[in-house]
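Worksheet for the structure shown next.
Residue numbers (this note's numbering), protein chains in the order written: chain A, 1 to 331; chain B, 1 to 333; chain C, 1 to 318.
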């Protein structure tokens, strides 16, 4: 990658890839959803289905374009999509784009906090474990991480809910804002308090993979020649890490964090469900339960973009450190 | 023959055990040193016969294989016990008994009872058995798809691009989101959930299979075998299979923990098995309603049990990884 | 009183073997060596004779699966791990083999400057003036071009790298320097300079343990030569013993080594050094290749004897 030209091509490729992925995901999802046994009209009307006559039903079908062939439906949907129209949600009776926009900030805030906390703590734990390899502390940290990796996110969420919400009563039991308050009365503080438990859940479980990964990477670094020499010069402990270890492991850790957007989103879905937190995850679950195809499609695409962004940043970071060394080597 | 053990023990009072220094360990330095030693042309006589110190274990240095075998066996035993008890429990053990409602854990009911008086311990066991079954189906299904597509991608160039693109496609959506979508498509039920999980977990394994196959195909000894006239089938069976099978087996086994966790998650969200069947996810989602009433045992024990089962599969998978040498275990020869 | 005294030192490594046990491999067996102040002792031996491990053992940076038996004394006191911790980087310095021992992501100047509090490092952050001081020292004392301190290790040429590696050891006030193969394949000028610097340091009272496989170069600057074979010190000779056809040398291996050199007849000795074994060997380790070997040589291991101003481990020396 040399200079501006290289970057332009790189970005171009990435955009192309994103588009092709989105197209693939959307087409595939659309086709899949046609096979669902859930009847969208029944899901829409709900319990009052019996009261709807056959005529009314066929009217609805026509309105929704369900008489068209699947390809036609796909094309119509695709066309609307390009124009920015994601359709209307059946559950919430709002444009899908609006719903996503509303809930986007909530989810992103939650995930950002969890991402930062789990990244920092995970990194610190991994470093400590590697520096004190095979000690009691290391074994404790490994045990903790392995256990966490096998723990259901929603169970941790339930436990936290029980302890902090019910028993101690310190934190609210659910929702994104205090119940019964009108929108203009809600402060940032309120929002923050409601976000604490879900964020804590996600942070706790997200620590495991980055801690183990950092531990492995730092262990590898500590077995290298230059560390041996540094030790021969009298460096040890934190000084050794600060001078030599840190810069060799910090980039892999950050790269891994960015590549873990997929897990993050998955965890958010579960945490939001337990705490009834109004984010994208909760919307996904509702859409799936009640057969809201437009909303579900929109959310699937949104999550795909999210994961893609994370992977792309990880890729950029990874390439940035590599060709720099290569370029310098060749100069 | 001189007794070296005695000699070293004579000097133990004066030895300086280097391990006590609180600095980092470097096991690979040793590798490099013996690498140098082995670099000597091996025509010279090796110094006297080797003596194995089997059983005399240094405190801090246990053979990883030993640990893998022990823990792996324990994990298998635990899983089998859980599964069998879950399967073989008589159907009547989870009947409602309105007299015993909402009991906190006692000796008669180790996990307490729920609002219908059902024994949570039995329900949990049954739920675990179901989870293991679903995990089994999903892992095998996913493994099969991964094997076929991975092999296909590695052998046929044209298929490679398509399959790689499909793998990227599946991996670009978070697992849980695609699970929600697939569960919606398949409509729930045991088979549906298993199919959904199989479809979300095959990509990673397929990648591994594909990478392994590509590496094998370009290995020298494969080329040589081919040139020597061995038929493709024979090469495949004799040379490639021994490398592929352990990787595949371990890979499938390692899908289990994820499969079980995801099955519980999907069921928890309400998209999976029907509420009639006791599954951990259902148990936990129902317990949410009673949390504020303080019935903590409804959520605590089932989740803990699930954790232990998932962990057991994880341990089993990692033990096999160490034993078959498919992981990063450089420490063991 | 010797600066460094190594008595009956053995270093072995433990590795898992098979399914349930582990094996122990001896790399250095029963070594005896001493270095006085202001003396340059060259340790000469083929690759795999355990020389680098010796350096690690003295510095105290052996891997965790290594076992050290025997006694090492420094300035008369036993060299415990604690002492090693304090003396490393301060009085005990190591000059590594190659640039791969430098951190590739760190500028050279920062790696040359003293690190521990005792050897002159200031508390707190490295100030600009301190860096300048390092830079100055590099340019003046080692005749390195300006700006070397700001380069990365891979940007250094061979000769520059040698000098930088040398500088890492001499930036403080060392008392004992262990130089691990400091002279492989370098320009004769740089070589001569390195020898000169070693000599200068020795004249100032620094003891130098020089590990090499290059006998010829070692002879130009060392005071004593210790010959290693199969993890063992088979002879310690003065430099002026290495003349003619090696009559003044004591051990058959040393004689063979001397005669194998291109300028001395180029006669190789058949066979090769044995691989690391799991057990301290019975009998002389050189016996299989020795022309003068007798039955006594295979039964018992010869002790180190002082003969004619040097030491040798052989039954048949006069």
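All C-beta atoms in this analysis are idealised placements derived from N, C-alpha and C, irrespective of residue type, glycine included. Every value quoted in this text rests on a predicted model; they were computed, and no experiment measured them.
Across the set A:276, A:5, A:309, A:223, the C-alpha of A:223 shows the shortest separation from the C-alpha of residue 131 of chain A. Within 7 Å of the CB of residue 288 of chain A, the CB atoms of chain B belong to 180, 181, 183, 184, 271, in sequence order along the chain.
Under the DSSP definition of a beta bridge, residue 170 of chain A lacks any partner. Under the Cβ criterion of 8 Å, residue 253 of chain C is not counted among the residues facing chain B.
Looking only at A:172, A:116, A:292, A:158, the smallest Cα-Cα distance to residue 299 of chain B is reached by A:158.
The residues 52, 55, 94, 95, 96, 97, 211, in chain order, have a CB closer than 7 Å to that of residue 180 of chain C in the same chain once the five nearest residues on each side in sequence are set aside. Within chain C, no C-beta atom comes less than 8 Å from the C-beta of residue 289 of chain B; the nearest is roughly 52 Å away. DSSP places residue 183 of chain C in the coil class of the three-state scheme, outside both helix and strand. Taking each of A:270, A:261, A:57 in turn and checking the Cα distance to residue 119 of chain A, the smallest one comes out for A:261. When DSSP states are grouped into helix, strand and coil, residue 193 of chain B belongs to the helix group. Residue state for residue 163 of chain B is assigned as helix, using DSSP reduced to three classes. Residue 205 of chain A: member of the alpha helix (DSSP H) spanning 188-222, first to last residue. Relative to residue 103 of chain A, the option among A:286, A:303, A:307, A:279 whose CA is nearest is A:279. Judged by beta-carbon spacing, residue 246 of chain C lies beyond the 8 Å limit of residue 38 of chain C, meaning their Cβ atoms are not closer than that value. Separation of residue 193 of chain B and residue 119 of chain B (C-alpha to C-alpha, rounded to the nearest whole angstrom) is 26 Å. Looking from the CA of residue 131 of chain B, the closest CA among B:111, B:83, B:276 belongs to B:83.
Pairing residue 134 of chain B with residue 259 of chain B, the inter-Cα distance amounts to about 8 Å. Residue 79 of chain B places its beta carbon less than 8 Å from that of residue 312 of chain B. In the three-state reduction of the DSSP assignment, residue 114 of chain B falls in the coil class. Residue 175 of chain C and residue 43 of chain C have their C-alpha atoms roughly 18 Å apart. Residue 235 of chain C counts as buried, since at least 16 other C-beta atoms from the protein chains shown sit within 10 angstroms of its C-beta. Taking residue 282 of chain B as the centre and dropping the five residues before and after it, the same chain places the C-beta of 267, 275 closer than 6 Å to its C-beta, in chain order. Going by DSSP, residue 83 of chain A is part of no beta strand (DSSP E) at all; its letter is neither H nor E. DSSP places residue 221 of chain B inside the alpha helix (DSSP H), whose first and last residues are 220-227. Secondary structure note for residue 138 of chain B: its alpha helix (DSSP H) is the uninterrupted segment 120-155. Residue 288 of chain B and residue 178 of chain B have their C-alpha atoms some 25 Å from each other. Across the segment 64-81 of chain B, CB contacts with chain C closer than 8 Å involve 64, 65, 66, 69, in sequence order along the chain.
About 5 Å separates the beta carbons of residue 128 of chain B and residue 86 of chain B, which is inside the 8 Å limit, making them a contact pair. Non-local beta-carbon contacts of residue 29 of chain A in its own chain, meaning distances under 7 Å to residues more than five positions away in sequence, involve 297, 300 in chain order. Membership of residue 210 of chain C in the beta strand (DSSP E) is indicated by the continuous run 207-212.
Straight across, the Cα-Cα distance linking residue 226 of chain B with residue 158 of chain B is about 23 Å. Annotation for residue 256 of chain B: the continuous alpha helix (DSSP H) segment containing it runs 241-269. By the Cβ test, the segment 131-145 of chain A is not in contact with the segment 249-257 of chain A, since fewer than three Cβ pairs between them sit closer than 8 Å. Leaving aside the five residues that flank residue 205 of chain C on each side, the residues in its chain whose CB is nearer than 8 Å to its CB run, in chain order, 37, 38, 175. Taking a 10 Å sphere around the C-beta of residue 206 of chain A, we find 16 or more other C-beta atoms and assign the residue as buried.
Proximity of the segment 134-147 of chain C to the segment 163-172 of chain C meets the contact definition, three or more beta-carbon pairs being nearer than 8 Å.
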